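I have placed the structure first, in the form of C-alpha cells, so that the comments after it can refer back to it.
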Ligand code: AMP
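Numbering (our numbering), first residue to last: 1 to 238.
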C-alpha cells in the first residue's frame, strides 16, 4: 500500500454529504470516495431498497412511496440514518449519498451531529463537507431512463453512454439486464419534480452556512472523481 493510500485510510474524513439530483452520479462518486478513504457509503436509497426486498416493517411502509417516485417521510429516514451513523465503521467518517433530501432532514442531521448520541464517534468534531454535483436536466433524463443493471453482479450500464456489448445483456455474466422500477420515464419525471420542490432548497441552506462546494458533474466520471478527491484531500472544509 502506498503512503498516500495508507494516509487516506487512516485519517478522519468526517461527514461528507453528496447533493445533486437523482442521476447526477452521487452513487458512483460515493463508492469511489468510500474506497479511497476506507469509510462507508451510506445510501438511503440502497438501505430502503434492501428493506423492501427483505419485507421489513420499514420496507412495507416505503415500497409504494418509492415506486411513485415520492420521498419517504423524514421521520422514517432520519431514524434509519441515526442507527447507521453510530456504527463502528462510521467512526472516521462517512459518505452520505441521497441524504439529506429535505431541509427538515438537514436540520435534523445538524443537530444529530452535535448531539450526545454522536459525540463518541472520533470524527464528531469535524464539520460536514457538502458537495453538489451540478448536471444539466436533459442529461439527467438520459442517465436515468438509460440506466440498466445486472441483477447477478450489480454492474451498471447506460444504453446511451455505456451500453453493453450485446443489447440488454451483461458483458460479465450474460444475465439479462433490468431497469429499476423507479427509472421508468413517468416515475423519473416525478423524482425530478420532488428534487426541485424539496431537495433543491438544500443548496441555499448549505450555501448560507458557507459549507457548499459545487463540482461540474456533466463530465466523464473520472474527471469528476479527480476533482472530488482533490477537494477532500485538501482538507477543504469551510
Ligand atoms: P435513490 O436511490 O437515492 O434515488 O432513492 C430512491 C428512492 O428512495 C427515492 O426516490 C425516495 O423514494 C427514497 N429515498 C431515498 N433517500 C431518501 C431520503 N433521504 N428521504 C426520503 N426518501 C428517500
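Idealized CB from N, CA, C, for every residue including glycine.
These numbers were taken from a predicted model, which means no experiment stands behind them.
DSSP state of residue i mapped onto helix, strand, coil
i           : result
residue 23  : coil
residue 159 : coil
residue 169 : strand
residue 133 : strand
residue 32  : helix
residue 116 : coil
residue 176 : strand
residue 144 : helix
residue 212 : strand
residue 16  : strand
residue 202 : helix
residue 236 : Low local confidence applies: a pLDDT of 49 at residue 236 is under 50, so the model's placement there is unreliable, with the coordinate-based value given in what follows. Looking at residue 236 - three-state DSSP - the assignment turns out to be coil, as it is neither helix nor strand.
residue 109 : helix
residue 220 : coil
residue 128 : coil
residue 121 : coil
residue 9   : coil
residue 2   : coil
residue 183 : helix
residue 102 : coil
residue 230 : helix
residue 225 : helix
Those residues which DSSP pairs with residue i across a bridge
i           : result
residue 292 : Lying outside 1 to 238, the shown extent of the chain, residue 292 is not represented and no answer is given.
residue 149 : 156, 178
Chain D contact for residue i (CB, 7 Å cutoff)
i           : result
residue 193 : In the displayed structure, chain D is absent; only one protein chain is listed.
Let me know the alpha helix (DSSP H) ranges lying completely inside the stretch 56-100, each 4 residues or longer, listed in chain order. 57-68, 74-85
The stretch 218-234 contacting the stretch 46-61, beta-carbon criterion three pairs below 8 Å: no
Is it a yes or a no for the stretch 88-104 touching the stretch 10-20, going by three-plus beta-carbon pairs under 8 Å? Inter-segment contact for the stretch 88-104 and the stretch 10-20 is present: three or more beta-carbon pairs are separated by less than 8 Å.
Indicate whether the contact test is met: 3 or more Cβ pairs, each with one atom in the stretch 200-220 and one in the stretch 35-45, closer than 8 Å. no
Can at least three beta-carbon pairs, one atom from the stretch 158-172 and one from the stretch 65-73, be found at a separation below 8 Å? Remark: fewer than three beta-carbon pairs, one from each stretch, lie closer than 8 Å, so the stretch 158-172 and the stretch 65-73 are not flagged as touching.
Does the stretch 21-41 come close enough to the stretch 103-114 that 3 or more CB-CB pairs lie under 8 Å? no
Three or more beta-carbon pairs under 8 Å between the stretch 113-129 and the stretch 216-224, yes or no? No: fewer than three Cβ pairs fall under 8 Å.
Determine, using beta-carbon pairs with one atom in the stretch 179-193 and one in the stretch 78-93, whether at least three such pairs fall under 8 Å. no
Within 8 Å, do at least three Cβ pairs link the stretch 176-185 to the stretch 133-152? yes
Cβ contact (3+ pairs, closer than 8 Å) linking the stretch 131-145 and the stretch 208-218: yes
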